[in-house]
C-alpha cells in the first residue's frame, strides 16, 4: 500500500482553492528579496523578533516591531495601505504567524514570509548587523550554489 496514496489527493477544485489561498497568506524569501531590491512600493517587511535577535542580524530595510508591541506601535510605523510581510527566526518558530495575526486583527493586509530569517541567511541574502552589511554564503540545500534564482 502506498503511503502517499493512503489518503486520496483532493479534488481539483479543492486543490485549486487550497493552493491559491495558501499563496495569499504566504510569500518566500526569494520573492521578498526581489521586491526589496526592486524598491516595490506598498510592501513593508517586519522583523517580529526581540531586540537581541534584531541586533544579531536582520533583513536590510526591515522594520523592527516585536510581536507583543504590534497593537500599540503598528499605526506609527506601518501605513494603512501597506502590505505587511512578517518574519521571525524560521520554520521552527511561529512568531511570524502570531505577528501576522496581530496585523490582520488591526486591518492590515499581511503575508507571512515562510522560512524566516533562517532561510533568508541560508539563501545567501545580505543581513545587517551592528558591524554593517554582511554578505552570506549560499547553502546549496536551499538554493543553487551559484546564487542564481531557483526559478521555481
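In this note's numbering, the protein residues as written are 890 to 1041.
Positions of the beta carbon are idealized from the N, C-alpha and C atoms, including for glycine.
Just so we're clear, the structure is a prediction, and the values are computed from it rather than from any experiment.
* Asked: Can you pull the DSSP bridge partners for residue 917?
  -> In DSSP, residue 917 forms a bridge with 1003.
* Compare the C-alpha of residue 957 against each of 943, 937, 975 and name the closest. => It is 937 whose Cα lies nearest to the Cα of residue 957.
* Thinking C-alpha only, which one of 985, 891, 1014 is nearest residue 939? -> Measuring from the Cα of residue 939, the nearest candidate turns out to be 985.
* Smallest Cα separation from residue 1029: which of 942, 997, 1011, 1019? -> Comparing Cα-Cα distances from residue 1029 to each of 942, 997, 1011, 1019, the minimum goes to 1011.
* Are there 16 or more other CB atoms within 10 angstroms of the CB of residue 975, so buried, or fewer, so exposed? -> Buried is the call here.
* Can you tell me where the alpha helix (DSSP H) with residue 1021 in it begins and where it stops? -> Per DSSP, residue 1021 belongs to no alpha helix (DSSP H); it is in the beta strand (DSSP E), 1021-1023.
* For residue 911, count neighbouring C-beta atoms within 10 Å of its own C-beta (all shown protein chains included) and say buried if the count is 16 or more, exposed if not. => Result: exposed.
* Asked: From residue 1006 to residue 965, what does the alpha carbon distance come to, in whole angstroms?
  -> Cα-Cα distance, rounded: 24 Å.
* Leaving out five residues before and five after residue 1000 in sequence, what residues of the same chain have Cβ atoms less than 8 Å from its Cβ? -> Contacts found: 913, 914, 915, 916, 972, 973, 974, 975, 989.
* Taking residue 1016 and residue 946 to be in contact with their CB atoms under 8 Å, please state how far apart those CB atoms are, rounded to whole angstroms. => With 8 Å as the limit, residue 1016 and residue 946 qualify as a contact, their Cβ atoms being about 4 Å apart.
* How is the beta strand (DSSP E) around residue 986 delimited, first residue to last? -> Residue 986 -> not in any beta strand (DSSP E); alpha helix (DSSP H) instead, spanning 984-994.
* Asked: When you compare only the Cα positions, how much space is there between residue 890 and residue 900?
  -> Each residue's Cα considered, the two are about 21 Å apart.
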